[in-house]
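Asks: If you use the numbering used here, the sequence shown corresponds to residues 6 to 518, in order. Idealized CB from N, CA, C, for every residue including glycine. This is the structure I have questions about; it appears just below.
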Amino acid sequence: MIKVLIVDDEYIMRQGLKYMIDWEQEGFTICGEATNGNEALRMIEELQPHIVISDIVMPVLDGVDFSELVHKMYPRIQIIILSGYDKFDYVKRTLLNGVVDYILKPTLTRQELINVLHNAMDRLPGYLINDSNKTVSHEHLLERYLLGLDKELDYSLFLDVFNTSQYRVYSVNIKKEGRNGKDISSALYKTIERSLQDECRVKYQLLMLREELVFVLFCYEGIDNKKLLTFLHDLNNRLLLMCDDIFGVVSNAFYDYHDLYEVYSNQIIKNVDKAFYYESVHLLELDCTPQVKETLTSAKFDFFKYNQLLGAKQFSEACSLLNSYNARQLEVYADVNGLKNQIKNMIFHFMDFLQMDDEDRENKRYSYFSGISRAGTVSEYVRHIEFVMSDLMKISGHSMPVADERIEKILDYITENYAEDMKLEDLAEEFNFNYHYLSAYFSQQMKEGFSDYLNRLRIDKACELLGSKRYSISEVSGMVGYSEHSYFCRVFKKITGKTPSVYRRNLMYEEKA
Numbered sequence: 006m007i008k009v010l011i012v013d014d015e016y017i018m019r020q021g022l023k024y025m026i027d028w029e030q031e032g033f034t035i036c037g038e039a040t041n042g043n044e045a046l047r048m049i050e051e052l053q054p055h056i057v058i059s060d061i062v063m064p065v066l067d068g069v070d071f072s073e074l075v076h077k078m079y080p081r082i083q084i085i086i087l088s089g090y091d092k093f094d095y096v097k098r099t100l101l102n103g104v105v106d107y108i109l110k111p112t113l114t115r116q117e118l119i120n121v122l123h124n125a126m127d128r129l130p131g132y133l134i135n136d137s138n139k140t141v142s143h144e145h146l147l148e149r150y151l152l153g154l155d156k157e158l159d160y161s162l163f164l165d166v167f168n169t170s171q172y173r174v175y176s177v178n179i180k181k182e183g184r185n186g187k188d189i190s191s192a193l194y195k196t197i198e199r200s201l202q203d204e205c206r207v208k209y210q211l212l213m214l215r216e217e218l219v220f221v222l223f224c225y226e227g228i229d230n231k232k233l234l235t236f237l238h239d240l241n242n243r244l245l246l247m248c249d250d251i252f253g254v255v256s257n258a259f260y261d262y263h264d265l266y267e268v269y270s271n272q273i274i275k276n277v278d279k280a281f282y283y284e285s286v287h288l289l290e291l292d293c294t295p296q297v298k299e300t301l302t303s304a305k306f307d308f309f310k311y312n313q314l315l316g317a318k319q320f321s322e323a324c325s326l327l328n329s330y331n332a333r334q335l336e337v338y339a340d341v342n343g344l345k346n347q348i349k350n351m352i353f354h355f356m357d358f359l360q361m362d363d364e365d366r367e368n369k370r371y372s373y374f375s376g377i378s379r380a381g382t383v384s385e386y387v388r389h390i391e392f393v394m395s396d397l398m399k400i401s402g403h404s405m406p407v408a409d410e411r412i413e414k415i416l417d418y419i420t421e422n423y424a425e426d427m428k429l430e431d432l433a434e435e436f437n438f439n440y441h442y443l444s445a446y447f448s449q450q451m452k453e454g455f456s457d458y459l460n461r462l463r464i465d466k467a468c469e470l471l472g473s474k475r476y477s478i479s480e481v482s483g484m485v486g487y488s489e490h491s492y493f494c495r496v497f498k499k500i501t502g503k504t505p506s507v508y509r510r511n512l513m514y515e516e517k518a
């Protein structure tokens, strides 16, 4: 169903529009009403309408300025302007702002409203209608199905699409600003559309979902899998030339088109807005990415206990409770904006229990919150939260809580298995951690990265073994986890300043002395 937002400061006009036609029968639904442009802008972010019908003369923010803002911020929304006869000069200005059509209030009829709405609908990707037989496009049907508006998809209408052996989905959020701060959503979409038309050698369906999410379903034979992935990497790199924070997602290959909704729900939607968790990754291939285990569930914050601890001035314990909750949310790839806002509220509540003057409190709040908002990756976020909590503990006069027991278990595991072919991915799997969060968490707790810590531990063990004449240097290399002797020697020299042979020789001289 196509969502329509009505914006008019006159209650009678809003009511008249609502009851003038059978909206549902015509394929529309009124998703909300606003009395001025400012109120409408707030509602657009929440309701994501496809079409906005707006009066031109309104208090606070009129239709001219409102239409200009909507066109810049939400270029895919179609705007219809309501006007009186004497306001046509205003109407001409709105037409320059991307307004699709206008309605003269005094002469508005039921049929004219229907015609104008359908004219706006014709401009919406995925809502193209063939007037000769009233059948909707593939894009429209797929969009309704994926968004949950239709419970089932009539696959018989897609026989020319779903007749291949393999399928994949590529999706990317294009609601972005360029390096000059201007909205480039439209340019990104055109780049994707043009690349598909010019270079893609397999069948595809291109949709626009949620006003900012590009969704491409590829239908192809298995032999074209490698070519398709190469094309997607090239496409994603073109988008990166236009915007630094592009994050595309490629689903697993699937072989039954009936799995499409499950792939969309469990692979695309769960990952496409999670660039925060995948540092330095711009194209996430889910075939090659460990997924969060289903057994991991989001934690519920114990605000009652938190409030009790703060009231009793048990600030270290309150800090520990907040840190544990934050860590758990990161482990399960929690919604980033929701988590950031929640943590901000918890921090602000913490500050209420500290003795701070109003100016200092406001300065600290701005510093803390702006840093949290700006954190674009999980490691940046973890570092900033550590700084905030450390600063709050200093103000409270208490010490930071000791490291939680998880790091101790991780270190014990590394000590027991350091000689194995161990990678950070293995630790993440073993302890049910998000890989990228574990990297930041380990660095935060140990003040060095996992690889540096593991190398240092291995070289410490190697130094012990080199003191014995029972093993050759090559044997020692393998015993501490290095399969390549030359690499072992390089790491050994980097850490100790000496080669293994020189280190052993020096030990022998010391023993003789």
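1) Any idea which residues DSSP pairs residue 372 with across the strands?
2) What span of residues does the beta strand (DSSP E) with residue 170 cover, start to end?
3) Going by the beta-carbon positions, is the gap between residue 284 and residue 382 smaller than 8 angstroms?
4) Entirely within the region 428-491 and at least 4 residues each: give me those alpha helix (DSSP H) ranges in chain order.
5) For residue 43, which option in 422, 34, 64, 76 has the closest C-alpha, if you only look at C-alpha atoms?
6) Run through DSSP, which three-state label would residue 257 get?
7) Might you give, ordered along the chain, the residues of its own chain that have their beta carbon closer than 8 angstroms to the beta carbon of residue 348, omitting 5 neighbours on each side?
8) Excluding the 5 residues preceding and the 5 following residue 85 in the sequence, name in chain order all residues of the same chain whose CB lies nearer than 8 angstroms to its CB.
9) For residue 357, does the three-state DSSP call read helix, strand or coil?
10) Starting from the Cα of residue 210, find the closest Cα among 372, 311, 144 and give me that residue.
11) Only counting the same chain, and skipping five residues up and downstream in sequence, which positions put a Cβ closer than 6 angstroms to that of residue 140?
12) Buried or exposed for residue 258, please, with buried defined as at least 16 other CB atoms from any protein chain shown within 10 angstroms of its CB.
13) Should residue 68 be labelled buried (16 or more other beta-carbon atoms within 10 Å of its own) or exposed?
14) Which of the three DSSP states, helix, strand or coil, is assigned to residue 380?
15) On the CB-based measure, 16 or more other CB atoms within 10 Å of its CB, does residue 138 come out buried or exposed?
16) Taking residue 217 and residue 178 to be in contact with their CB atoms under 8 angstroms, please state how far apart those CB atoms are, rounded to whole angstroms.
17) Our contact map puts residue 419 next to residue 462 with C-beta atoms below 8 angstroms; I'd like the distance itself, whole angstroms only.
18) Would you list the one or two residues that DSSP bridges to residue 520?
19) Between the alpha carbons of residue 329 and residue 254, how many angstroms are there, rounded?
20) Tell me, to the nearest whole angstrom, how far the beta carbon of residue 280 is from that of residue 250; I am working on the premise that it is less than 8 angstroms.
21) Secondary structure at residue 223, three-state DSSP: helix, strand or coil?
22) State buried or exposed for residue 175, treating a residue as buried only when at least 16 other CB atoms are found within 10 Å of its CB.
23) Compare the Cα-Cα distances from residue 289 to each of 256, 76, 308, 336 and report the closest residue.
24) Return the first residue and the last residue of the beta strand (DSSP E) that residue 58 is part of.
25) Going by C-alpha distance, which of 116, 436, 187 is nearest residue 336?
26) Would residue 445 and residue 507 qualify as a contact pair, given that the criterion is a beta-carbon distance under 8 angstroms?
Replies: In terms of the structure at hand:
1) For residue 372, which the question treats as bridged, DSSP gives no partner whatsoever.
2) Segment: none, residue 170 is in no beta strand (DSSP E) and carries neither H nor E.
3) Less than 8 angstroms separates the beta-carbon of residue 284 from that of residue 382.
4) Runs of the alpha helix (DSSP H) inside the region 428-491: 429-435, 440-451, 455-471, 478-484.
5) Distances from the alpha-carbon of residue 43 to those of 422, 34, 64, 76 put 64 closest.
6) When DSSP states are grouped into helix, strand and coil, residue 257 belongs to the coil group.
7) Closer than 8 angstroms at the Cβ level, and outside the excluded window around residue 348, lie 327, 331, 377, 390.
8) In its chain, beyond the 5 residues on either side, 56, 57, 58, 59, 104, 105, 106, 107, 108, 121, 122, 125 have a beta carbon closer than 8 angstroms to the beta carbon of residue 85.
9) In the structure shown, the three-state DSSP call for residue 357 is helix.
10) Checking every option, the nearest Cα to that of residue 210 belongs to 144.
11) Low local confidence applies: a pLDDT of 41 at residue 140 is under 50, so the model's placement there is unreliable, with the coordinate-based value given in what follows. Within the same chain, residue 140 has no close Cβ partners at all.
12) By the 10 Å Cβ count, residue 258 comes out buried.
13) Taking a 10 Å sphere around the C-beta of residue 68, we find 16 or more other C-beta atoms and assign the residue as buried.
14) Of the three classes helix, strand and coil, the one that applies to residue 380 here is coil, per DSSP.
15) Low confidence applies here, because residue 138 scores a pLDDT of 39, under 50, leaving its location unreliable and the question unanswered by this model.
16) 6 angstroms between Cβ atoms; contact.
17) 7 angstroms between Cβ atoms; contact.
18) Absent from the model: residue 520. The displayed extent of the chain is 6 to 518, so no value can be given.
19) Cα to Cα, the separation comes out at about 30 angstroms.
20) So it is a contact: roughly 7 angstroms between Cβ atoms.
21) When secondary structure is reduced to three states using DSSP, residue 223 falls in the strand class.
22) Result: buried.
23) Comparing alpha carbon positions, the residue from 256, 76, 308, 336 closest to residue 289 is 256.
24) From DSSP, the beta strand (DSSP E) with residue 58 extends over 56-60.
25) Of 116, 436, 187, the smallest CA-CA separation from residue 336 is found for 436.
26) No.
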